[in-house]
Structures are given as structure tokens and as C-alpha cells.
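Written below as C-alpha cells is the structure these notes are about.
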Amino acid sequence: MTAGHGIVIESVSRAYSMGGGQVIALDAVDMNVAPGESIAIVGPSGSGKSTLLHLVAGLDRPTSGRIEVFGRRLWEMSERELTRMRATSLGYVFQDPHLLPGLTALENVIASRLPWRGRRDLAAEARELLAAVGLEGRTEHAPHRLSGGERQRVALARALLGHPPLLIADEPTGNLDAVTTDDLLRLLGELRRRLGLTVLLATHDAAVAASADRTVRLAGGRVVA
Ligand SMILES: Nc1ncnc2c1ncn2[C@@H]1O[C@H](COP(=O)(O)OP(=O)(O)O)[C@@H](O)[C@H]1O
Ligand SMILES: [Mg+2]
162 MTAGHGIVIE
172 SVSRAYSMGG
182 GQVIALDAVD
192 MNVAPGESIA
202 IVGPSGSGKS
212 TLLHLVAGLD
222 RPTSGRIEVF
232 GRRLWEMSER
242 ELTRMRATSL
252 GYVFQDPHLL
262 PGLTALENVI
272 ASRLPWRGRR
282 DLAAEARELL
292 AAVGLEGRTE
302 HAPHRLSGGE
312 RQRVALARAL
322 LGHPPLLIAD
332 EPTGNLDAVT
342 TDDLLRLLGE
352 LRRRLGLTVL
362 LATHDAAVAA
372 SADRTVRLAG
382 GRVVA
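When we follow my numbering, the leftmost residue of the sequence shown carries the number 162, and every step to the right adds one.
The following block contains the structure:
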């Protein structure tokens, strides 16, 4: 996959059937993201941010409309192809880092990608990434021996394993205090430049949004100016 085409979101809607009625989570959203660009998706709770990120990651399919990610036409891809794309071409960070409690930081970084590649080169890359997020001294720590900010940095390292060109982050600083949020944003900015990442980040924190190249605001599933 090359980053040549960026992300194209064309008239994308997502409706959920609920009881007899329908919830329109996204309503004819158009958006373009250039390769290497970082976009903050902002809007109140329930405005459709997570729904949009899920669709771009191929975790869900639109009710109508089309999404292309770096030249890949998601609407033409099978579940298997979408899974493969997620495993090789994008990293996902959630509000909660969801680390596995029985594993060390290093093992957590590797665990999600194990079926796809040999273990040896993964461990070397995971160590490099943990160093890049400032955790070289914490590789053998279990999650409960890490601070909240450190756990989220492990999640960031895990998302970047395999050097995916796209990072999707859904309220990644939602559980962090202002200082730790600042640290994570600075780190993300550095990694972006170093790795040439395209970043799609949902947030309702104005400081986090200000760190992006551009902001797209959602309200009631629609893009507002
Ligand atoms: N699986 C689902 N079934 C029904 N409604 C859903 C589902 N997922 C999300 N929604 C609804 O879609 C809207 C957008 O949700 P979401 O994308 O999670 O918003 P945000 O991330 O901005 O808080 C909300 O009204 C939510 O209740
Ligand atoms: Mg959400």
C-alpha cells in the first residue's frame, strides 16, 4: 500500500436499525485527508466520531457511500482483506490502552501482530518503538506497574509496530491529565515527522485538536463548517 492517494471519504452514511426506528450516526460525510496530514475530528459525544474512524479502519461498513484508504477501495474488499489491511497498514489507539495484564510492556507491543510475522524481528522493532516513546527502561514492566501516560505510550508503540502509514486514534488522551496529554502530543508530533504518518484523531479536547494540521467538526453525524 502506498500513501499516494491519502484518504477519500465520499458521501458516507451509517444508519443503525434500533427497534422499529433508525439512528443516523453519519449523514453524507465528505472528507479528504492528504498523505502525511494530521486531522482532528471534533464534536460532542454522539456526533459520529467513533463511527467514522471505525469505517475508515474497515471495522464497519457504511450504509451508503465509499471510502478509499491509500488507493484501496474498501467497498470492494472482503472481510479477510480488511483484516489484513488493519494488521499491516494501520495502527489504532483507543481511549483505554487495553493492555493485557499478564504480559510485559514489550510483550503487549508484540502480541497483537504475532500471527503475521516472525517473533524475532518483531521483538527488535518493538524495543525500538518503546525507546521511541521514551520507555526503554520499562520493557519488562507489567501494565499495573506503569502510569496511565506510560500505558498509553505502550499502546502507541503497539499501534506503530510494522510501520503502518496511517494512525487512527479515538480520544487517545481522554483518560490523561493535561501534562500527560501534552507529553503524548509532543511524542505523537515527533513520531509523525519521523515516520511520515498520516493521522486521524478524534477528540473533544481543544488543545489536542490544536496540535493537528486541520480540524473537521461533526455535529449530529454531519460535517459542519
Ligand atoms: N452499534 C450501535 N447501534 C446503535 N446506535 C449506535 C451504535 N453505535 C453508535 N450509535 C449511535 O450513533 C451515534 C454516533 O455515535 P459515535 O460514533 O459513537 O459518536 P462519538 O464517537 O462522536 O461519541 C450516537 O447517537 C450513538 O448512540
Ligand atoms: Mg466516540
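For each residue, glycine too, the CB sits at the ideal point set by N, CA and C.
Check: residue i C-beta below 7 Å from any heavy atom of ligand 1
| i | result |
| --- | --- |
| Gly-204 | yes |
| Tyr-253 | no |
Best match in the options for proximity to residue i [C-alpha to C-alpha]
| i | options | result |
| --- | --- | --- |
| Ile-200 | Gly-382, Ala-371, Gly-381, Val-385 | Ala-371 |
| Val-377 | Tyr-177, Leu-213, Gln-183 | Leu-213 |
| Glu-301 | Val-169, Lys-210, Gly-263 | Gly-263 |
Residue i vs residue j beta-carbon contact at 8 Å
| i | j | result |
| --- | --- | --- |
| Ala-189 | Ser-172 | yes |
| Ala-303 | Thr-265 | yes |
| Pro-325 | Gly-382 | no |
| Leu-216 | Val-270 | no |
| Leu-337 | Leu-328 | no |
Residue burial classification, residue i (beta-carbon count within 10 angstroms, cutoff 16)
| i | result |
| --- | --- |
| Leu-261 | exposed |
| Thr-163 | Note that Thr-163 scores 46 on pLDDT, short of 50, meaning its location in the model is unreliable; the coordinates nonetheless yield the value given after this. By the neighbour-count rule (16 or more Cβ atoms within 10 Å), Thr-163 is not buried but exposed. |
| Arg-314 | buried |
| Asp-331 | buried |
| Ser-308 | exposed |
| Thr-244 | exposed |
Ligand 2 heavy atom lying under 7 Å from the CB of residue i
| i | result |
| --- | --- |
| Glu-332 | yes |
| Ala-396 | Residue 396 lies beyond the stretch modelled for the chain, which goes from 162 to 386, so this question has no answer here. |
| Ala-380 | no |
| Ala-363 | yes |
Distance cut-off 7 Å: residue i Cβ against heavy atoms of ligand 4
| i | result |
| --- | --- |
| Ala-370 | In the structure on display, ligand 4 does not appear, and the ligands it does have are ligand 1 and ligand 2. |
Chain-ordered residues, beta carbon under 5 Å from a heavy atom of ligand 1: Tyr-177, Val-184, Ala-186, Ser-206, Gly-207, Ser-208, Gly-209, Lys-210, Ser-211, Thr-212
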